[in-house]
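Colleague:
In the numbering used here, the protein residues as written are 1144 to 1414.
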């Protein structure tokens, strides 16, 4: 699969297989050099109405994208060492770097628009705490919830503004997060391969509950962005449907076996 092609496997029903760690290293490194042509020279100001609608919302998501993910990376490093797959952890670092890149883009826009950054929010603190409550599989599930919500939030943000810079940033984040969802799905399948069916069912149920709560919190906190497009009911329904499709994809990949053996594929150049 082309690393520049959008990832819609969790929505289209395509299953495929769990890719080896190096495949994701190739993807993240190539994606780093993808040119999005963000029109920074068209830095028009926000009018008062639009600022009230989106400023606080952008600031909270910018803060959420800025996490150093220390706990997640520590868990990743441990799994990498236990399995003798150093590329697994390297790929985790590249993933976190790409997420931080979203924060940098939003932060640059905020500076241009005169929007102040925030030190944090209780919702962000809760998500960071939840990531540390289990193993790398659970941390990946919590991260995936945020990415699934992002797939509905950023299109809504794009519709809530006419600013060309912010709209193009949204395009990039939507594209990147689609790949991140598939990345986390495949990681979950791999790192939870030793879990029994009852444990996996429990995690599926916990993730569903967490997604419902997270979607409700985002809806309340970002209602000024979400209420026009897609609307409250559609946002919740879409978030839950995305989560269900991701869970079904995890189950399908578990039934299909573990990662494709490294020896069966040739690693391409990372350049």
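Ideal placement from N, C-alpha and C gives every residue a C-beta, glycine not left out.
Would you mind reading off the limits of the alpha helix (DSSP H) that contains residue 1226?
Modeller: 1213-1226
Colleague: Reducing DSSP to helix, strand and coil, say where residue 1163 ends up.
Modeller: coil
Colleague: Less than 8 Å separating the beta-carbons of residue 1169 and residue 1333?
Modeller: no
Colleague: May I have the straight-line CA-CA distance separating residue 1273 from residue 1282, to the nearest angstrom?
Modeller: 8 Å
Colleague: On a Cα-Cα basis, can you pick out the residue from 1249, 1302 and 1355 that is closest to residue 1183?
Modeller: 1249
Colleague: Can you tell me whether residue 1191 is buried or exposed, with buried defined as 16 or more other CB within 10 angstroms of its CB?
Modeller: exposed
Colleague: Kindly list the residues whose CB is nearer than 7 Å to the CB of residue 1167, restricted to its own chain and excluding five residues on each side of it in sequence; keep chain order.
Modeller: 1234 and 1326
Colleague: Whose C-beta lies closer than 7 Å to the C-beta of residue 1223 among residues of the same chain, with five residues either side of it excluded?
Modeller: 1229, 1231 and 1232
Colleague: Out of curiosity, what's the CA-to-CA distance linking residue 1349 and residue 1385?
Modeller: 15 Å
Colleague: Considering only C-alpha positions, which residue in the set 1217, 1199, 1278 and 1268 is nearest to residue 1256?
Modeller: Per the Cα distances, 1199.
Colleague: To which residues of the same chain is residue 1293 closer than 6 Å at the C-beta, ignoring the five residues directly before and after it?
Modeller: 1320
Colleague: Going by other Cβ atoms of all chains shown within 10 Å of its Cβ, with 16 needed for buried, is residue 1188 buried or exposed?
Modeller: exposed
Colleague: Sorted by chain position, which residues of the same chain lie with C-beta nearer than 8 Å to residue 1403's C-beta, five sequence neighbours on each side aside?
Modeller: For residue 1403, the predicted structure reports a pLDDT of 41, less than 50, and the residue's modelled location is therefore unreliable. A value from the coordinates is still provided. Only 1160, 1161, 1162 and 1163 meet the Cβ criterion.
Colleague: Does the contact criterion of 3 or more C-beta pairs under 8 Å hold for the region 1362-1371 versus the region 1288-1305?
Modeller: yes
Colleague: Counting only runs of 4+ residues fully inside the region 1305-1377, write out the alpha helix (DSSP H) ranges in chain order.
Modeller: 1307-1334, 1340-1364 and 1366-1369
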